[in-house]
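Following: one structure in structure tokens, then a few remarks.
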Amino acid sequence: MTPTSSTLAPRSRARVLLARLEGPQTMGRGPAFWGTAFLAVAAAAAYPLMADAWTVGNAAYFLIWTFMAMGLGVVWGYAGALSFGQTAFFGFAGYAYGVLTLNLGAAYGLTFVALALSVAFGGLFALVIGYFMFYGRIQGVFIGIVTLSVTLVLETFMAQTAGPQWRIGEARLNGFNGMSGMPPLTLPWFGGDILLYPGPSLYYLLLGLVVVCYLGLRIMLNSRFGNVLVAIRENPHRVGMLGYDVRLYQMLAFGIGGAFAALSGALYTAWGQYITPSSMGLTSAALPIVWVAVGGRRDITATLIGTLVVLAGFQSLTIYGSQYALVVMGTLLLLTVLAAPEGLVVGAMKLLGRVFQRSKR
Amino acid sequence: MSEILKVEGLRKAFGGVVVANGIDFSLSAGAMHCLIGPNGAGKSSFFRLLLGEHAPDAGTITFDGGDITGLRSFQRIRRGISVKFQVPGIFKALSVRQNLEVAFQDHLHGHSLDATIREMLEFTDLQGEEMTPAGILSHGQQQWLEIAMAVGVEPKLLLLDEPTAGMSPDETHKTGEMLHELNARGITILAVEHDMAFVEQIAERVTVLHFGSIFTEGTIAEIIDHPGVQEIYLGTSDV
Ligand SMILES: Nc1ncnc2c1ncn2[C@@H]1O[C@H](COP(=O)(O)OP(=O)(O)O)[C@@H](O)[C@H]1O
Ligand SMILES: [Mg+2]
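Residue numbers (the numbering used here), protein chains in the order written: chain Z, 732 to 1092; chain A, 9 to 247.
The following block contains the structure:
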């Protein structure tokens, strides 16, 4: 018998993983794509050299949301379950980061421990919700209703924690006004800790995280696990009849999506040193769906690019008033659904690919 | 020959509709067997009971020496039952290759995926269609693709619900040859079929289902000459 994956040498196993950076579940392959991607990251890395600290901190803010968007892409675009409540895991982890850091403090790199724990708790929370949903045979639009309910219940609950009895150790939950005053991410360093306030250092940390998460998700989506997820999206019944435990896969995908939302949430709290119940409210819950749908939910690259573009556009609109911006978002969603249901970025990438193919011939 | 499947006293009703009325049925390992009966006789329902998509009201199902009556569908598949549905159950938006990959990826035993997929493309006459979205294949090709997928999970028993529905006579004949080849590889075959020429091509023995019960069982010749069977079918116009 030929060797199975468990007996492969580490080096060839790494090669197998790297090969999965490209595959049927992700658009983009070959030198042209990776060259462009490299240039994009290089440009993003050079950006702080050209912009002032406030603008860089603002760009960091955009990067924070991409994790929740990519997680929703996995759950909705790949596994076919439209979650309307990713903000539940975002908010849960955001509060967890606050509670943990206010109690643990920021010395010895403990803020990073708090970050990791918040993501783990958020992911676990999503696994529990996912378990009850998928093993409870909830399907289709009802997944949206249940997840939306979860996030709204959490919002309502957190909004009534104003009294002094609502404290966890040192941390007051503070009801509607939310928590604040937690430390930012803090790197222990010789001669003094580095506090990662919004600015270039936090920006670089986030940029690195985005790259790692994006590449990691590409590998996962082109793996056997990813094959099963897209098959479940197409025809869950057939997947079960190929011997897969469909509900387990759905639950795991949901847990992964939740962990990514949690990463966004904990980073958000660390970025601004505050978190409020409205981060789990209806408006907040709807926005990730717009980002992902507009860019293209069925491709992780499209989701990432679309989210950044829409966020930047949204922010320039809010300068004229946030209600107005929401109306524009809604219109954009509607137009996408009607005109380019695959998403605008996916449409553009396919067009580019076709042009490129033709010019090669 | 040893029994691979044994069904005893299987019973299932939906409200007043009895789809399985105390079915006793057994199949020996390596057989090629056909299940016939007029529309609404309960053939598809019998398959769903075997696959665990319906829970029976009474009765037991023994497969490959073990009681599987209480197992979930995917667990039965892992024990070695596989199915090709009446309506093609493929992943239409995914390429032919992706369809095969999902079916075969956990059953390679060290063989290369590429070689396995090439072999199955040849088996199903789908060479050159590797990257085609499965949904735009012809109806017959979709049926073949689903048969190939069903084979991917290394079944001991393959259930086929009207595998030649909508096929031309040529395609039907080729399907019969495919099933013979699978049988030669050791897969027991149980097919629901209306086309008597096809039944003759593939089956050694035939069971007739009527109103959720086994009406009779025998060789093709015995079934064709059976006056009761003719009567059942004369009452229906679809055969
Ligand atoms: N889930 C169900 N609920 C109610 N009636 C059903 C259900 N499934 C099948 N039936 C009925 O059971 C009978 C047998 O159906 P089926 O097994 O599909 O027959 P066949 O495959 O032999 O044509 C039909 O009368 C059908 O309407
Ligand atoms: Mg039927």
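Idealized CB from N, CA, C, for every residue including glycine. Quick caveat: nothing in here was measured; it's all calculated off a predicted structure.
Taking C-beta atoms as the reference points, A:R87 and A:D72 count as a pair closer than 8 Å. In the structure shown, the three-state DSSP call for A:P141 is strand. Distance from A:I125 to A:R105 at the Cβ level is roughly 6 Å; contact confirmed, criterion being Cβ atoms closer than 8 Å.
A:D169 has its CB nearer than 7 Å to a heavy atom of ligand 2. Residues F1087 of the same chain have their beta carbon placed closer than 7 Å to that of Z:A763, with the five preceding and five following residues left out of the count. At a cut-off of 8 Å between beta-carbon atoms, A:G97 makes contact with chain Z. In this structure, Z:G986 keeps its C-beta atom at 8 Å or more from the C-beta atom of Z:L794.
Non-local beta-carbon contacts of Z:A1024 in its own chain, meaning distances under 8 Å to residues more than five positions away in sequence, involve L1064, T1067, V1068, G1074 in chain order. Check the Cα spacing between A:G60 and each of Z:H968, Z:G825, Z:W1022, Z:W1002: the tightest is with Z:H968.
Just measuring C-alpha positions, the residue of Z:L952, Z:M913, Z:Q1046 sitting nearest Z:A790 is Z:Q1046. Under the Cβ criterion (8 Å, minimum of three pairs), the segment 819-832 of chain Z counts as touching the segment 906-922 of chain Z. Counting only runs that start and end inside the segment 162-188 of chain A, the beta strand (DSSP E) elements of at least 3 residues fall at 165-169.
Selection around ligand 1 by beta-carbon proximity, strictly under 5 Å to any non-hydrogen atom, yields A:F22, A:V25, A:V27, A:N47, A:G48, A:A49, A:G50, A:K51, A:S52, A:S53 in chain order. With three or more CB-CB distances shorter than 8 Å, the segment 978-996 of chain Z counts as touching the segment 848-868 of chain Z. Under the 8 Å criterion on CB atoms, Z:G971 is classed as interfacial with respect to chain A. Distances from the CB of A:Q94 to the heavy atoms of ligand 2 include at least one below 7 Å. Assignment of A:V214 by DSSP, reduced to helix, strand and coil, places it in the strand class. In this structure the segment 803-810 of chain Z touches the segment 947-966 of chain Z; the number of beta carbon pairs closer than 8 Å is three or more. Distances from the CA of A:Q83 to each of Z:A1071, Z:A1056, Z:A990, Z:R978 were compared; the closest alpha carbon is that of Z:R978. If the five residues before and after Z:G825 are omitted, its C-beta is found closer than 7 Å to the C-beta atoms of G996, A997, Y999, T1000, I1006, S1010, all from its own chain and listed in chain order. Listed by position along chain Z, the residues whose Cβ is nearer than 8 Å to that of A:Q106 are P755, N958, V961, A962. Listed in chain order, the positions of the segment 121-133 of chain A with a beta carbon within less than 8 Å of a beta carbon of chain Z would be empty, since no residue qualifies. Residue A:E179 holds the alpha-carbon nearest to the alpha-carbon of A:S146 among A:K164, A:E179, A:E162, A:M186.
Looking at the backbone, the Cα of A:C42 and that of A:V15 are separated by about 16 Å. Here DSSP, grouped into helix, strand and coil, assigns Z:M801 to helix.
Just measuring C-alpha positions, the residue of Z:V1040, Z:V772, Z:A740, Z:A838 sitting nearest Z:F921 is Z:A838. Below the 7 Å Cβ cutoff, chain A contributes F82 as neighbours of Z:Y975, in chain order. Of all alpha-carbon atoms in Z:G894, Z:A845, Z:G867, the one lying nearest the alpha-carbon of Z:T917 is that of Z:A845. Within 10 angstroms of the beta-carbon of Z:E886 lie 16 or more other beta-carbons, which makes it buried. Beta-carbon to beta-carbon, A:R19 and A:D75 are separated by about 16 Å, too far to satisfy the 8 Å threshold. Neighbours of A:R86 across chain Z, judged by C-beta separation under 8 Å: G974. About 22 Å separates the beta carbon of A:K92 from that of A:E11, a gap too long to meet the 8 Å contact definition. CA-CA distance, A:F219 to A:I231, rounds to 17 Å.
Within its own chain, the residues whose Cβ lies closer than 6 Å to the Cβ of A:I69, once the five positions on either side in sequence are excluded, are V15, I76, T77, listed in chain order. Non-local C-beta neighbours of Z:F798 in its own chain, meaning closer than 8 Å and more than five positions away in sequence, comprise L940, V941, C944, F991, A992, L994, S995, L998, ordered along the chain.
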